[in-house]
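Please read the structure below before turning to the comments.
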């Protein structure tokens, strides 16, 4: 007989896989990330089915209790993801800055060109 | 020899007009970078620069990206306009236009690639002094370089140096980063004393203790990255 937490775990895992596949199909996730997330969700399902299996790994790693191992791994995984996201944001910020700079320089250039050559100025053309 | 003065400005509509008016008679080329200001900085700078056409250019960041980003935009624009020497100049009115001559002289004489205008810390109010000393210490610890004033906004760089200096820092950390780039590229640096005009307004801007601590936090984060 499955316990409620096991059923929830399996459902969450299945939902995770579905969302992952949909995101991959829409081109919003790379093949590498598809693999990583699929493994994570499959692990969630497997561990929900056989909670005792964690006990084995817990003894090997010397942590003792299976649940502790899961929590520790979960925390490490979260920190890793935060780190990844932080770096991603930093890259995006830099790209935004680069865009803003390009726009500023290009805008200025087209402005001064139209000043030198009034024919190019769209406002003059309209008149 | 083409001399460009880059003036990064963010919400400086109280001072920008006067700063530009003081600089215009010096027959220099001015580049104002409006860093997405929310006030009338762009309009005022535009009006002032229009009085003397072909000597002033204004570039506008459509959104605020910080001091470092503005300096880089200004320097890049100056390089595109074939600048031989680029001077950076604060828009808050704290610098003396006459000091431009002092900071470019070592470059013209071939004695330096980069010149940093050094403010007199003894004249600085306490909160500023502390903030700037923290920044000097940070520059020493993280980059291994001791300078008298790492956060000065008045500096001059030769074309060659400007092409070598690669700025990544978007905010106030840029001043220390420039010093690091000078060391990395083996450029000759010279420090020249400059005068600072302290007004209530210019005091409310720039490096004080809070900004110093913020930059410190950021630098530590950068190392852990």
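Chains as they are written, first to last, in the numbering used here: chain A, 7 to 133; chain B, 4 to 228. All residues carry an ideal CB built from backbone N, CA and C; glycine is no exception.
Contact set for residue i: own chain, Cβ-Cβ below 8 angstroms, skip 5 residues either direction
| i | result |
| --- | --- |
| residue 180 of chain B | 71, 170, 171 and 172 |
| residue 88 of chain B | 4, 5, 6, 7, 107, 110, 111, 159, 160, 161 and 162 |
| residue 15 of chain A | 50, 51, 53 and 54 |
Neighbour-count burial assignment, residue i, 16 or more Cβ in a 10 Å radius
| i | result |
| --- | --- |
| residue 64 of chain B | buried |
| residue 30 of chain B | exposed |
| residue 33 of chain A | exposed |
| residue 12 of chain B | buried |
| residue 89 of chain A | exposed |
| residue 62 of chain A | exposed |
| residue 138 of chain B | buried |
| residue 93 of chain B | buried |
| residue 147 of chain B | exposed |
| residue 192 of chain B | buried |
| residue 220 of chain B | exposed |
| residue 36 of chain A | exposed |
| residue 80 of chain B | buried |
Rounded straight-line distance, which links the Cα of residue j to that of residue i
| i | j | result |
| --- | --- | --- |
| residue 153 of chain B | residue 54 of chain B | 35 angstroms |
| residue 91 of chain B | residue 144 of chain B | 25 angstroms |
| residue 165 of chain B | residue 19 of chain B | 25 angstroms |
| residue 19 of chain A | residue 82 of chain A | 19 angstroms |
| residue 45 of chain A | residue 52 of chain A | 10 angstroms |
| residue 9 of chain B | residue 77 of chain B | 6 angstroms |
| residue 5 of chain B | residue 105 of chain B | 16 angstroms |
| residue 22 of chain A | residue 49 of chain A | 11 angstroms |
| residue 75 of chain A | residue 91 of chain A | 24 angstroms |
| residue 186 of chain B | residue 174 of chain B | 20 angstroms |
| residue 127 of chain A | residue 116 of chain A | Its pLDDT being 43, under 50, residue 127 of chain A is placed unreliably by the model, and the measurement read from it follows with that caveat. For residue 127 of chain A and residue 116 of chain A, the distance between alpha carbons rounds to 9 angstroms. |
| residue 117 of chain B | residue 74 of chain B | 15 angstroms |
| residue 86 of chain A | residue 29 of chain A | 21 angstroms |
| residue 217 of chain B | residue 130 of chain B | 14 angstroms |
| residue 35 of chain B | residue 215 of chain B | 26 angstroms |
Spatial neighbours of residue i in its chain, beta-carbon cut-off 6 angstroms, leaving aside the 5 residues before and after
| i | result |
| --- | --- |
| residue 43 of chain A | 26 |
| residue 132 of chain A | Reliability fails at residue 132 of chain A, whose pLDDT of 40 lies under 50, so the model's placement of it is uncertain and the value that follows must be treated cautiously. Around residue 132 of chain A: no qualifying Cβ. |
| residue 59 of chain B | 33 and 52 |
Extent of the continuous beta strand (DSSP E) run through residue i
| i | result |
| --- | --- |
| residue 91 of chain B | 88-91 |
| residue 109 of chain B | Counting along the chain, residue 109 of chain B falls outside any beta strand (DSSP E), though it belongs to the alpha helix (DSSP H) covering 102-111. |
| residue 121 of chain B | 117-121 |
| residue 71 of chain A | Unbroken run through residue 71 of chain A: none, as it is neither H nor E. |
| residue 32 of chain B | 32-38 |
Enclosing alpha helix (DSSP H) for residue i [first to last residue]
| i | result |
| --- | --- |
| residue 194 of chain B | Run containing residue 194 of chain B: none in the alpha helix (DSSP H); it sits in the beta strand (DSSP E), 192-196. |
| residue 77 of chain B | 70-83 |
| residue 149 of chain B | It is not in any alpha helix (DSSP H) - residue 149 of chain B carries neither H nor E in the DSSP assignment. |
| residue 45 of chain B | 44-53 |
| residue 12 of chain B | Careful: residue 12 of chain B lies outside any alpha helix (DSSP H), inside the beta strand (DSSP E) at 6-12. |
| residue 159 of chain B | Taken as a continuous stretch (DSSP letters only), residue 159 of chain B belongs to no alpha helix (DSSP H), being part of the beta strand (DSSP E) at 158-161. |
Chain-ordered chain E contacts of residue i [CB-CB under 9 angstroms]
| i | result |
| --- | --- |
| residue 114 of chain A | In the structure shown, chain E does not exist; the protein chains are A and B. |
Other residues of its chain near residue i: CB distance less than 7 angstroms, five sequence neighbours each side excluded
| i | result |
| --- | --- |
| residue 121 of chain B | 151, 152, 155, 194, 195, 196 and 197 |
Any non-hydrogen atom of the ligand ATP closer than 7 angstroms to residue i Cβ
| i | result |
| --- | --- |
| residue 97 of chain A | With respect to small molecules bound, the structure shown includes none, and the ligand ATP cannot be examined in it. |
Could you check whether the region 93-107 of chain B touches the region 186-204 of chain B, counting it as contact only if at least three pairs of C-beta atoms, one from each stretch, sit closer than 8 angstroms? yes
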